[in-house]
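Here's the structure we're looking at; comments come further down.
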Amino acid sequence: MEEQTPVLEMRDIVKVYPDGTKALKGVTIKVYEGEILGLLGENGAGKTTLMKILFGMLKPTRGKIFLRGKEVRFKSPADAIANGIGMVHQHFTLVEVFNALENIILGMEGHGLLSKIDVENARKKLQKLMDELNFQVPLDVPVENLPVGVQQRIEILKMLYRDVDILILDEPTAVLTPIEVRELFAVLRKLKEQGKTIIFISHKLNEVMEITDRVTVIRKGEVVGTVKTSEATPQLLARMMVGRDVVLRIEKPPKEPGEVIFRVEDLWVKGDRGEDAVRGLTFEVRAGEIFGIAGVEGNGQSELIEAIAGLRKVEKGKVYLKGVDITGKRPRELYDMGMAHIPEDRTHMGLILEMSVMENSILGMHWRKEFSKGFLLDWNKVEEHAKRLIEEFEVSAPGTKAPVKSLSGGNQQKLIVAREVSKRPDFIIAAQPTRGVDVASTEYIRNYLVKLRNENKAVLLVSADLDEVLQLSDRMAIMYEGQFMGIVKPDEVTEEQIGLMMGGVKGEPQK
Amino acid sequence: MNLKNELRGYAKPVAESVLAILIGVLVGALVLWFSGYSPLEAYYWLIVGSLASTDGIAETLAKSAPLILTAITFAIGARTGLFNVGAEGTVYFGAMAAIIVTQYLQNPIAGLLAGLLIGALWALPAAVLKVYRGVHEVISTIMFNWIAFFLVSWLAVSVYYNPKDPNSTLPIPPSARLPLLIKGTSLSWAFIVAILSAIIVFIVMWHTKLGYELRTSGQNPRAAEYGGINPKRSAIWSFVIGGMTAGLAGAGLVMGTPPSYAITQGLANVHGYGFDGIGVSLVGRNHPLGIIFAGILFGALSAGATAMQQHAHVPLEMIKVIEGIIIIAVAVPGLLDLFARPFRRGEA
Chain A
0 MEEQTPVLEM
10 RDIVKVYPDG
20 TKALKGVTIK
30 VYEGEILGLL
40 GENGAGKTTL
50 MKILFGMLKP
60 TRGKIFLRGK
70 EVRFKSPADA
80 IANGIGMVHQ
90 HFTLVEVFNA
100 LENIILGMEG
110 HGLLSKIDVE
120 NARKKLQKLM
130 DELNFQVPLD
140 VPVENLPVGV
150 QQRIEILKML
160 YRDVDILILD
170 EPTAVLTPIE
180 VRELFAVLRK
190 LKEQGKTIIF
200 ISHKLNEVME
210 ITDRVTVIRK
220 GEVVGTVKTS
230 EATPQLLARM
240 MVGRDVVLRI
250 EKPPKEPGEV
260 IFRVEDLWVK
270 GDRGEDAVRG
280 LTFEVRAGEI
290 FGIAGVEGNG
300 QSELIEAIAG
310 LRKVEKGKVY
320 LKGVDITGKR
330 PRELYDMGMA
340 HIPEDRTHMG
350 LILEMSVMEN
360 SILGMHWRKE
370 FSKGFLLDWN
380 KVEEHAKRLI
390 EEFEVSAPGT
400 KAPVKSLSGG
410 NQQKLIVARE
420 VSKRPDFIIA
430 AQPTRGVDVA
440 STEYIRNYLV
450 KLRNENKAVL
460 LVSADLDEVL
470 QLSDRMAIMY
480 EGQFMGIVKP
490 DEVTEEQIGL
500 MMGGVKGEPQ
510 K
Chain E
0 MNLKNELRGY
10 AKPVAESVLA
20 ILIGVLVGAL
30 VLWFSGYSPL
40 EAYYWLIVGS
50 LASTDGIAET
60 LAKSAPLILT
70 AITFAIGART
80 GLFNVGAEGT
90 VYFGAMAAII
100 VTQYLQNPIA
110 GLLAGLLIGA
120 LWALPAAVLK
130 VYRGVHEVIS
140 TIMFNWIAFF
150 LVSWLAVSVY
160 YNPKDPNSTL
170 PIPPSARLPL
180 LIKGTSLSWA
190 FIVAILSAII
200 VFIVMWHTKL
210 GYELRTSGQN
220 PRAAEYGGIN
230 PKRSAIWSFV
240 IGGMTAGLAG
250 AGLVMGTPPS
260 YAITQGLANV
270 HGYGFDGIGV
280 SLVGRNHPLG
290 IIFAGILFGA
300 LSAGATAMQQ
310 HAHVPLEMIK
320 VIEGIIIIAV
330 AVPGLLDLFA
340 RPFRRGEA
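Those sequence lines, one after another, are chains A and E. The letter at position 9 of the first sequence is residue 8 when you use numbering that gives the first Met the number 0, and the numbering goes up by one with no holes. The letter at position 244 of the second sequence is residue 243 when you use numbering that gives the first Met the number 0, and the numbering goes up by one with no holes.
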């Protein structure tokens, strides 16, 4: 393999953004025909920037791209596609009300406003493509009604339909369930068999280990190295990625849980469309315990969290915190009673992006006496508080007055965790606490949740990341269509059992 | 250190507004030129009329007072995520309330309080409709402006008319008028009231819990709710405080503007301030302190316009054209970036 010329080479790519940020400092990567190359790096390492340059979405400040030995320069994604390079983005670019067929042929309808679209021909061509690859998507259902995994396959099909032979996948598994990931990998292997070349962007070590042939690791805009996957270990890759050894295992000493802090009884909650999103849940979280809820996203987890955090109406049932009925209480009362909430949507709920770190550091506790001076807010005290959070949680921020949107995702999340912990809660809800967060911050946040548990707090962890739930929970439930398929201990259950429950098969009855 | 950081935050919006003003002046010059007037002569008299004499300055500041107050109404709304254009009608009510109350309580404080209170009350219907029934505030406040116009017109013509002068309402009794700051001009305490209001609103919005809650609700209502803030309560407060300043604007207008100290026929002398305030607020970047400067600028344009008409024979309306250009220039997002980019490219 080493001897052949790469099908694609990006040489000495430099990208400096107008604000002076050096996203790439001379990156060279080589991709060989028919291989799956992993592009591994933390959030903000420059993976996506590099691929956007390849796909013609960004112009490099310096550097060259060679396709089959010939220098190329793409002015737009359409240009890249015409040259056989396709990209599937982390955030999908589908028209939600269109069906798969319409989405796939979008932009290829032919010229002229009134020219006829040859739908039947397109359908035939697509069907043939799907048969070859041995994966099917429903062509006539509006994509908004399809699961994310299927939407992603539509995105892939969209590219293949355009005859690309180099496919870039940007964090393709971020939104998928474990089963969907397995299915995706099957598709990728099939594509590889057919001679397609794939660039797989990820920060998940296991996935890179499983699917790729070679891995190029990028850190802070530079290539750290390229290794053959068969010669690599997760530990080696982790070290390359973060520049130090990452404790991939979380230290979790055994602990006897204490009294019941939080209890939910026969809880029913409606979703936005009036459907029963949560259907009769009953569970409890004890002091010194992490209770995890796993499951495919969209099975009522969000509605459950919002209902217990005072943000959504409870239709039926009761919620108790430290023995007090808190059903229907407002967030402010709940926080004053010792609840804290790391929300799943940090940019739309957890933070006010335009406001400063300081202002964000007191959200949900701004009424506390410690921050006021008569009827004025004591900004000096707030600043001290914000500085304390930044220091304790190693949040890297330009300053307390900087708008929160200038922080990276991982640091934004650390700021939220820091703020919520500073409320000194007895019960903390952690919803998707490490989603879209870099490895180092993930490790930090996970260890912190364990620390809270060790300090006898009750933690409710809701996460679509199965590994996270397995690793952190003392007990865990698997949620499916608003119900628990079972409550189990992570070390007494196999991955297959969990997979089944996530797919809606009830676990062994627990008495 | 703190102050320096804070000032840096203000640098960009200030620069953007200054740039917009320059564009307004330049494009205005072109319009004047094409219309057959001498831009130099026009601007000369504009400046002389507004800034070159004590009288001019007094007139500038006097004109700015109601604009500052109605601009604040809009700014508080904008900061809370509301597009409150109800200042216009509230000004009429504030003026009428001051006239009515001072007939009985002949004291300036009573008059101002009347304007303040009626402003708060008149804001409530739109607030309640918004919060509990989801009626969009633009629709409701525009409608309420018309209700206010006809209601106050009726009061002016049929109830509180001046028996000695059918063209105006009863005047504010002399003992309830706002004292003049400079004798022989129309600059009264109304200006001080406007400045103080701007400062108080600044403190409320940036240094109290209430202001924090209002701004949070405006930026991100979901985050506000999550943060234990009731966005509905924020909206109501926003309407009420905004109503107060617009009410004050109306009261100040009749209590502090010689010689009539009354509402004139067709509400002519209290008309238009609410809508002009929107432009002032935009140029002042919806910030109370920026609004003070923008208000004075618009006051100067309006004060200088008279001299411009008298000496350069440029019609008064031309000033509205210049104001309009300034506002449009402010509204162009990223205006400054547009101008700064060619220079930055040179650096890289």
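Note that the Cβ used here is the ideal one computed from N, Cα and C, for glycine as well.
Is residue 37 of chain A helix, strand or coil when you go by DSSP?
strand
Determine the burial state of residue 65 of chain E: buried for a count of at least 16 other Cβ atoms within 10 Å of its Cβ, exposed for fewer.
buried
Can you give me the C-alpha to C-alpha distance between residue 344 of chain E and residue 15 of chain A, rounded to a whole angstrom?
For residue 344 of chain E, the pLDDT reaches just 42, beneath the cut-off of 50, and the residue's location in the model is therefore unreliable, although a value from the coordinates is still provided. Cα-Cα distance, rounded: 12 Å.
Residues of the region 196-222 of chain E with a CB closer than 9 Å to any CB of chain A: list them in chain order, please.
202, 205, 206, 207, 208, 209, 210, 211, 212, 214, 215, 218, 219, 221 and 222
Residues bridged to residue 348 of chain E [DSSP beta-bridge criterion]
With chain E running from 0 to 347 in the structure shown, residue 348 of chain E is simply not present.
What ranges does the alpha helix (DSSP H) occupy inside the region 452-485 of chain A, keeping only unbroken runs of at least 4 residues that lie completely in it?
465-471
Cβ atoms of residue 283 of chain E and residue 293 of chain E: under 7 Å apart, would you say?
yes
Just how far apart, CA to CA, sit residue 373 of chain E and residue 321 of chain E?
Because chain E here runs from 0 to 347, residue 373 of chain E falls outside it and cannot be looked at.
Within 7 Å of any Cβ in chain E, is that where the Cβ of residue 351 of chain A sits?
yes
Are the C-beta atoms of residue 225 of chain E and some chain A residue less than 7 Å apart?
yes
Can you name the residues that DSSP bridges to residue 402 of chain A?
A:355
If contacts are defined as beta-carbon pairs under 8 Å, then residue 413 of chain A and residue 444 of chain A qualify, I think. What distance do you get, rounded to the angstrom?
7 Å
Give the straight-line distance between the Cα atoms of residue 509 of chain A and residue 473 of chain A, rounded to the nearest whole angstrom.
Low local confidence applies: a pLDDT of 45 at residue 509 of chain A is under 50, so the model's placement there is unreliable, with the coordinate-based value given in what follows. For residue 509 of chain A and residue 473 of chain A, the distance between alpha carbons rounds to 16 Å.
Less than 7 Å between the beta carbons of residue 93 of chain A and residue 102 of chain A, yes or no?
yes
Residue 91 of chain E versus residue 82 of chain E: straight-line alpha-carbon distance, rounded:
20 Å
Between the region 111-124 of chain E and the region 193-209 of chain E, do at least 3 Cβ pairs fall closer than 8 Å?
no
Residues that DSSP places opposite residue 141 of chain A in a beta bridge:
A:98
Let me know the secondary structure DSSP gives residue 59 of chain A once reduced to three states.
coil
With C-beta atoms as the reference, is residue 217 of chain E less than 7 Å away from residue 80 of chain E?
yes
Could you tell me whether the Cβ atoms of residue 274 of chain E and residue 87 of chain E are closer together than 7 Å?
yes
Integer-rounded CB distance, given that residue 329 of chain E should sit under 8 Å from residue 281 of chain E
5 Å
Under 9 Å from the C-beta of residue 363 of chain A: neighbouring residues of chain E:
225, 226, 227 and 228
Please name the residue in E:143, E:251, E:106 and E:40 whose C-alpha comes closest to that of residue 172 of chain E.
E:106
Output, in sequence order along the chain, the residues in the region 373-393 of chain A whose CB is closer than 8 Å to any CB in chain E.
374, 375, 376 and 378
Inter-residue spacing [alpha-carbon to alpha-carbon] between residue 1 of chain A and residue 215 of chain A
Here the model assigns residue 1 of chain A a pLDDT of 49, short of 50, so the residue's position is not dependable and the matter cannot be decided.
Range of the contiguous beta strand (DSSP E) that encloses residue 130 of chain A:
Residue 130 of chain A -> not in any beta strand (DSSP E); alpha helix (DSSP H) instead, spanning 118-132.
Quick one: measure Cβ to Cβ for residue 420 of chain A and residue 432 of chain A, integer angstroms, because I've assumed they're closer than 8 Å.
That pair is no contact at about 11 Å.
Under 7 Å, Cβ to Cβ, is there at least one residue of chain E near residue 347 of chain A?
yes
Helix, strand or coil for residue 228 of chain E per DSSP?
coil
Could you pull the DSSP bridge partners for residue 71 of chain E from this structure?
For residue 71 of chain E, which the question treats as bridged, DSSP gives no partner whatsoever.
Please check the pair residue 143 of chain A and residue 95 of chain A, which I expect to be a contact at CB under 8 Å, by giving their CB distance rounded to whole angstroms.
4 Å
Ordered along the chain, which non-local residues of its own chain (more than five positions away) have a Cβ less than 6 Å from that of residue 499 of chain A?
none
Using a Cβ distance threshold of 8 Å, determine whether the region 152-170 of chain A contacts the region 200-210 of chain A, with at least three qualifying pairs required.
yes
Measure the alpha-carbon distance for residue 370 of chain A versus residue 398 of chain A and round it to whole angstroms.
19 Å
Any residues in the region 392-409 of chain A with a beta carbon nearer than 8 Å to a beta carbon of chain E? Which ones, in chain order?
398 and 400
So residue 262 of chain A is in the beta strand (DSSP E); what residue range does that whole segment cover?
259-269
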